[in-house]
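Chemist:
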Amino acid sequence: GEFKKGLSLMEQAIAEYPLALAYRNLAVYWNSEGDPVKGNEYTEKALALDPKDPYNLVFAAVFMAANGKKDEALKIARANMNLMPASYNLAAIFAQNGERDKALAMLRRHFYQYERYQSVRAKEMMEARVDAVFESIRFDRQFVALTNGSDGRLPIPMKAMPATQAAPNR
Numbered sequence: 045g046e047f048k049k050g051l052s053l054m055e056q057a058i059a060e061y062p063l064a065l066a067y068r069n070l071a072v073y074w075n076s077e078g079d080p081v082k083g084n085e086y087t088e089k090a091l092a093l094d095p096k097d098p099y100n101l102v103f104a105a106v107f108m109a110a111n112g113k114k115d116e117a118l119k120i121a122r123a124n125m126n127l128m129p130a131s132y133n134l135a136a137i138f139a140q141n142g143e144r145d146k147a148l149a150m151l152r153r154h155f156y157q158y159e160r161y162q163s164v165r166a167k168e169m170m171e172a173r174v175d176a177v178f179e180s181i182r183f184d185r186q187f188v189a190l191t192n193g194s195d196g197r198l199p200i201p202m203k204a205m206p207a208t209q210a211a212p213n214r
């Protein structure tokens, strides 16, 4: 519940010891706060720090897809299908490119192969239900069934949100 304190601590930490994962986490924070410009800045910092890291590339590809660079995003997604921890972001890329079946397959993998604990799975399912990257499938029967274990603690948006909420890949 102390988001501002956590934000301050993370910003202090990266000032002292910058890590790509920390930059990705800050990108997620700012996008969820409705500031995609700041979110993109942190995504770019993660890429600059380690431009060949596959998690950085997949994370950035979610934003590419959201900003119309769909072919480039799909190329990155297809080259990184083996990254189990990136399944949620791979699903986001496919969903934003109209590839419903691949998006659902990657979400299924994320929820039932990658996540080990039901309590975490329930929160991840709820996040998927409200994440703007899944707008194209939000009311799809299979998507709703796949996320039926969500904890229900967040309101489902009725229209697209302005910013993506890509996951930083733990």
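Counted the way my numbering counts, the sequence shown spans residues 45 to 214. Just so it is clear, CB atoms sit at the ideal spot from N, CA and C, and this is done for glycine as well.
Would you decide whether residue 197 is buried or exposed? Buried here means 16 or more other CB atoms lie within 10 Å of its CB.
Modeler: Within the sequence shown, numbered from 1, the residue matching residue 197 stands at position 153. Residue 197 comes out exposed.
Chemist: From residue 95 to residue 104, what does the alpha carbon distance come to, in whole angstroms?
Modeler: On the sequence shown, position 51 is the one that residue 95 refers to. On the sequence shown, position 60 is the one that residue 104 refers to. Computed Cα separation, rounded: 10 Å.
Chemist: Restricting to Cα atoms, I'd like to know which of 60, 68, 67, 190 is closest to residue 166.
Modeler: By one-based count along the sequence shown, residue 166 stands at place 122. With distances taken between Cα atoms, residue 166 lies closest to 190.
Chemist: Quick check on DSSP: helix, strand or coil for residue 117?
Modeler: By one-based count along the sequence shown, residue 117 stands at place 73. Residue state, collapsed to three classes: helix.
Chemist: On the criterion of 16 or more Cβ atoms from any shown chain inside 10 Å, does residue 68 qualify as buried, or is it exposed?
Modeler: Translated into positions along the sequence shown, residue 68 becomes position 24. Buried: at least 16 other Cβ atoms inside 10 Å.
Chemist: Do you know how far the Cα of residue 48 is from the Cα of residue 143?
Modeler: Numbered from its first residue, the sequence shown carries residue 143 at position 99. Numbered from its first residue, the sequence shown carries residue 48 at position 4. Their Cα atoms are separated by approximately 36 Å.
Chemist: Roughly how many whole angstroms lie between the Cα atoms of residue 216 and residue 154?
Modeler: Outside the shown range of the chain (45 to 214) lies residue 216, about which nothing can therefore be said.
Chemist: For residue 152, which of 162, 170, 131 has the nearest alpha-carbon?
Modeler: Taking the first residue of the sequence shown as position 1, residue 152 is located at position 108. Cα-wise, what sits closest to residue 152 is 131.
Chemist: Which residue's Cα is closest to the Cα of residue 117: 169, 129, 126, 136?
Modeler: In the sequence shown, residue 117 corresponds to position 73, counting from 1. The residue with the shortest Cα to Cα distance from residue 117 is 136.
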